[in-house]
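At position 95 of the sequence shown the residue is numbered 103 (the numbering used here), and the sequence of numbers has no breaks.
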Amino acid sequence: MPFLPLDFDLTSLPVWTVTPEGLAARLDELGGSVAAFARACGFEATAGALIVVPDAEGGIAGALFGLGRRGDPARTPFLPGRLATLLPPGDWHIDGPLEDETLAALAFGLEAYRFGRYRDAPQRAVRLRLPISVDRNRLGATIEAVWLARDLINTPANDLGPAELANAIQAVFMAAGGQVREIVGDDLRDGFPLVHAVGHGSDRAPRLIDATWGRTDRPKVTLVGKGVVFDSGGLDIKSDAGMLLMKKDMGGAASALALAAMILAADLPVRLRLIVPAVENAVSGRAYRPGDVVASRKGPTVEIGNTDAEGRLVLADALALADEEAPALLIDLATLTGAARVALGPDLPPFYTADDELAQAIAEASVRVFDPLWRMPLWPAYRSMLDSKIADTNNVATGGFAGSILAALFLQRFVEAAESWVHVDVYGWTPAARPGRPEGGEAQAIRALFEVIAARHPKPAGVPTEPLPDAV
Ligand code: BES
Ligand code: MN
Ligand code: ZN
């Protein structure tokens, strides 16, 4: 368990949060040398501004942190996350107005993340005392889950192949008393022909990872994550710039695993399943080719119009498997298209679902927990753009329109029995650091999705923790 820079019983120094509107009154209230020092510094309480206030002995009396004006786009519930970077070493608590105490503490924990695999990158010795209103277990589980996803995304493909991704999933599910089954390499040829085709070009064997947890009589919640450990584009090879970040093409799998870890930690009364097709989209003499036709697990044949549209292929077989037991809720997360980023940018993943109630719940939760998502349409009239002249479908369209929608429409063909299905086209990466979001790998959408799942499947009140789940 990683060290978390948060706890309840710390002796701590105050961080006085201040708005420009409330500055004068707040300084009057704090009075004495604190107010005098703040005025001498010309402190204006702009968003993210911090001054450390000395005491008479040259120690620290506290710190003033600006929240910015109402309406300032920088004044977000995550802004106090900056404190993890800006404060001097020590233990602190927040004293003053906050948009949301839990989100402030969460942002603090998320900003404190360091990726230390390849060099010494120690965490800063800054800790935040939590107000009692905060659910420390839930908060800690969320922070750990996001850190895990970031570690996996940030780890380059030379150290994270399909087998290593499988190990990470094993570790989470085995620790919670779940089960993991894997289908590897040529064993995929019959049952998961698209996973096999995409992964065949790599020296590292493709895998279908299928993890479950919880009694089988509970409502079935199934997560599917795109686990392309590196996307070279295959024979339709990417440009250097297009390939540079493609270690993050397993960001959907990492995020789905993090969401699973949150569900396990919360012990939600569901039968949880996580399915990850883990492959490397490589170039070799065995690589699948443009023009190949491959049957899918579900049945329809797929003409490969572009080997770089590999994510939807491996997801098609994984979704078909998930769909076979008609789960109550089926969620897939995938770094599926560059077009999603063109439409909405890196911070706002589009999601697709035919279930209006679910869409509403996701949109509301995304605002509430500051985990942005935006609904886009499964526009039926575009389905024919994927028509093939020789197979049941092509994996791409010519024309270059509506790339993210077309990828979602392709996936939709493979989901039939699930009561609700939602597909999220995530970017999985923060290109430039923002409060609570350091540059690099990021787990998007999982906090909003957790809210939705927890609301649909609340823990029965007052019932003692259940024993370990039965075998499934
Ligand atoms: N993994 C990429 C999508 C991607 C690219 C996500 C850049 C985030 C950033 C995916 O496998 C891909 O290559 N998609 C193609 C599809 C195209 C060939 C129809 C794309 O988006 O260009
Ligand atoms: Mn690709
Ligand atoms: Zn890809």
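Each residue gets a CB set at the ideal place from its N, CA and C atoms; glycine is no exception.
Source: prediction; values computed, not measured.
- Could you tell me the distance, in whole angstroms, from the CA atom of Ala389 to the CA atom of Gln420? Spanning the two alpha carbons is a distance of roughly 13 Å.
- Query: From Trp221 to Met270, what does the alpha carbon distance come to, in whole angstroms?
  - Reply: The alpha-carbon atoms of Trp221 and Met270 are separated by roughly 13 Å.
- Whole-angstrom C-beta distance between Asp80 and Val23, which should lie under 8 Å: Between Asp80 and Val23 the Cβ distance is about 19 Å, and since that is not below 8 Å, they are no contact.
- Consider the C-beta atom of Asp239 and the heavy atoms of ligand 2; say whether any pair is separated by less than 8 Å. Here the distance from the Cβ of Asp239 to the nearest heavy atom of ligand 2 is below 8 Å.
- What residue range is occupied by the uninterrupted alpha helix (DSSP H) comprising Val229? It is not in any alpha helix (DSSP H) - Val229 instead sits in the beta strand (DSSP E) that spans 228 to 233.
- Rounded C-beta distance between Asp340 and Leu323? I'm assuming under 8 Å. The pair is a contact, with the Cβ atoms about 6 Å apart (cut-off 8 Å).
- Query: Would the beta-carbon of Asp257 fall within 9 Å of that of Phe238?
  - Reply: In this structure, Phe238 lies closer than 9 Å to Asp257 by Cβ.
- Query: What is the rounded straight-line gap between the Cα of Arg122 and the Cα of Asp379?
  - Reply: Cα to Cα, Arg122 sits roughly 21 Å from Asp379.
- Query: Going by the beta-carbon positions, is the gap between Gly74 and Phe51 smaller than 9 Å?
  - Reply: Going by C-beta atoms, Gly74 is nearer than 9 Å to Phe51.
- Task: Just the C-alpha distance for Leu31 and Phe86, rounded to the nearest angstrom, thanks.
- Result: Taking the straight line joining both Cα atoms gives about 20 Å.
- Message: What does the Cβ neighbour count give for Ile398, buried or exposed, with the cut at 16 atoms within 10 Å?
- Response: Under this definition Ile398 is an exposed residue.
- Report yes if the C-beta distance between Leu344 and Asp244 is below 9 Å; otherwise report no. No; because the gap between Cβ atoms is not below 9 Å, this pair is not in contact.
- Distance cut 5 Å, beta-carbon to ligand 1 heavy atom: residue list by chain order: Result: Asp239, Asp257, Asn314, Asp316, Ala317, Gly319, Thr343, Thr345, Gly346, Val404.
- Any idea what DSSP makes of Pro380, helix, strand or coil? Here Pro380 sits in coil by DSSP.
- Query: Using CA coordinates, which residue listed in Ile217, Pro354, Asp195 is at the minimum distance from His208?
  - Reply: Residue Asp195 holds the alpha-carbon nearest to the alpha-carbon of His208 among Ile217, Pro354, Asp195.
- Alpha-carbon spacing of Ala266 relative to His204, whole angstroms: In a straight line, the C-alpha of Ala266 is about 25 Å away from that of His204.
- Item | Nearest to Phe200 (by Cα), restricted to the options Val284, Gly470, Gly117 | Of the residues Val284, Gly470, Gly117, the one whose Cα lies closest to the Cα of Phe200 is Val284.
- Item | Lys246 CB to nearest heavy atom of ligand 2 below 8 Å | At least one heavy atom of ligand 2 falls within 8 Å of the beta-carbon of Lys246.
- Rounded C-beta distance between Leu14 and Phe116? I'm assuming under 8 Å. Contact flag correct, Cβ pair sits at about 7 Å.
- Among Ser292, Val460, Asp167, nearest to Val206 - alpha-carbon criterion: The candidate whose alpha carbon is nearest that of Val206 is Ser292.
- Task: From the DSSP output, in three-state form, read off Asn162 for me.
- Result: Helix at Asn162.
- Message: I need the boundaries of the beta strand (DSSP E) containing Glu311, first residue and last residue.
- Response: 309 to 311 is the span of the beta strand (DSSP E), which, as asked, contains Glu311.
- Message: Could you check whether the Cβ of Asn289 sits closer than 8 Å to any heavy atom belonging to ligand 2?
- Response: At least one heavy atom of ligand 2 lies less than 8 Å from the C-beta of Asn289.
- Item | Buried/exposed call for Phe16, threshold 16 Cβ in 10 Å | Exposed is the call here.
- Query: Got a sec? Which residues, its chain only, sit under 7 Å from Asn162 by beta carbon, not counting five neighbours each side?
  - Reply: Answer for Asn162: Phe123, Gly448, Gly449, listed in chain order.
- Task: Could you check the C-alpha separation between Asn145 and Phe359 for me, to the nearest Å?
- Result: Cα to Cα, the separation comes out at about 29 Å.
- Cβ separation of Ile59 and Leu38, assumed to be a contact under 8 Å, to the nearest whole Å: Not a contact, Cβ separation roughly 12 Å.
- Message: Since Leu485 and Ile140 should fall inside the 8 Å C-beta cutoff, what is the C-beta to C-beta distance between them, to a whole number of angstroms?
- Response: Outside the shown range of the chain (9 to 480) lies residue 485, about which nothing can therefore be said.
- Item | Asp433: first and last residue of the uninterrupted beta strand (DSSP E) it sits in | DSSP places Asp433 in the uninterrupted beta strand (DSSP E) bounded by 428 to 433.
- Pick helix, strand or coil for Leu323, following the three-state DSSP scheme. Assignment of Leu323 by DSSP, reduced to helix, strand and coil, places it in the helix class.
- At what residues does the alpha helix (DSSP H) containing Asn175 begin and finish? Judged by DSSP secondary structure, Asn175 falls within the alpha helix (DSSP H) whose first and last residues are 170 to 183.
- Message: Taking the beta carbon of Val310 as the centre, do at least 16 other beta carbons fall within 10 Å, making it buried, or is it exposed?
- Response: Buried: at least 16 other Cβ atoms inside 10 Å.
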